[in-house]
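Step one of this worksheet: look at the structure below.
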Ligand SMILES: [Zn+2]
Ligand SMILES: [Zn+2]
Ligand SMILES: [Zn+2]
């Protein structure tokens, strides 16, 4: 198509332009523009509105849903220690999902028009404008759609009465992930652990984009060998 020599006009809506970059999309999307001012996505005000999400919308929308799912398992007769263990397990399952989604789906290599367009909406936009605070957390409407297959997945790996609490834990893990991710970009951590996490994630954005996929921890990067090697040798853990 128009691939060769196509230039994106940053002053025009981006979403239907990036597909034309073809093979050079990957290179373009990994050259970050560090401004708090985000780009326009769509020409239509309605669609544009749907692409903007404040970070605090995430806990407000999803924590009640977490409570609802957890209470379902309580009503079905589980004791509180059982519930607590199930929720913690759900959070653990989420951390693996977080790593897997980020590494294999969000960083899938695309070059076709629609491949690039969908990748841009999913994760590319965050790498192009990492400081755009309204395009950082996941829009609840999109999360709601993804909840369905994931609930079925959680049902598959558990029993009918534990599935709701397990899923609730997974969803709680997601909320913690999205809020943490926002904090790592826009917060100014002073204590050791969040400071290192911030450094770890900014390293994924600005130095080695095919390493360091964990956001809330580097656990799965260690397990699957995607720990960035040239991290400054800090921390005395
Ligand atoms: Zn990424
Ligand atoms: Zn990327
Ligand atoms: Zn990020």
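Residue numbers (our numbering): 235 to 471.
From the three backbone atoms N, C-alpha and C, an ideal C-beta is built for every residue, glycine too.
Keep in mind it's a predicted model, so treat the numbers as computed, not measured.
Backbone CA spacing between residue i and residue j [nearest angstrom]
i	j	result
residue 293	residue 247	29 Å
residue 419	residue 373	17 Å
residue 255	residue 337	22 Å
residue 436	residue 457	20 Å
residue 461	residue 328	19 Å
residue 342	residue 353	8 Å
residue 302	residue 316	17 Å
residue 442	residue 298	37 Å
residue 240	residue 426	44 Å
residue 459	residue 404	24 Å
residue 318	residue 280	41 Å
residue 383	residue 270	34 Å
residue 424	residue 313	38 Å
residue 445	residue 300	31 Å
residue 470	residue 330	The pLDDT assigned to residue 470 is 38, lower than 50, so where the model puts this residue is not dependable; a value taken from the coordinates is nonetheless given after this. Between residue 470 and residue 330, the C-alpha separation is close to 25 Å.
residue 379	residue 387	14 Å
residue 291	residue 440	27 Å
residue 381	residue 261	32 Å
CB of residue i within 8 Å of CB of residue j, strictly
i	j	result
residue 400	residue 323	yes
residue 409	residue 296	yes
residue 307	residue 320	yes
residue 242	residue 251	yes
residue 272	residue 368	yes
residue 402	residue 304	yes
residue 385	residue 289	no
residue 392	residue 310	no
residue 284	residue 397	no
Pick from the options that is closest to residue i, judged by C-alpha positions
i	options	result
residue 340	285, 347, 431, 359	359
residue 454	335, 403, 389	335
residue 361	332, 349, 266	266
residue 463	449, 450, 434, 376	434
residue 414	404, 432, 424	432
residue 364	438, 445, 429	438
residue 430	280, 277, 450, 366	450
residue 277	245, 448, 442, 366	245
residue 275	291, 313, 366, 447	366
residue 448	291, 326, 423	326
residue 428	444, 452, 445, 440	452
Whole-Å CB distance - residue i paired with residue j, under 8 Å assumed
i	j	result
residue 253	residue 348	6 Å
residue 411	residue 332	5 Å
residue 377	residue 249	Not confirmed; about 19 Å, so no contact.
residue 259	residue 389	Between residue 389 and residue 259 the Cβ distance is about 37 Å, and since that is not below 8 Å, they are no contact.
C-beta neighbour in chain B for residue i, strict 8 Å
i	result
residue 295	Absent here is chain B; the protein component of the structure consists of one chain.
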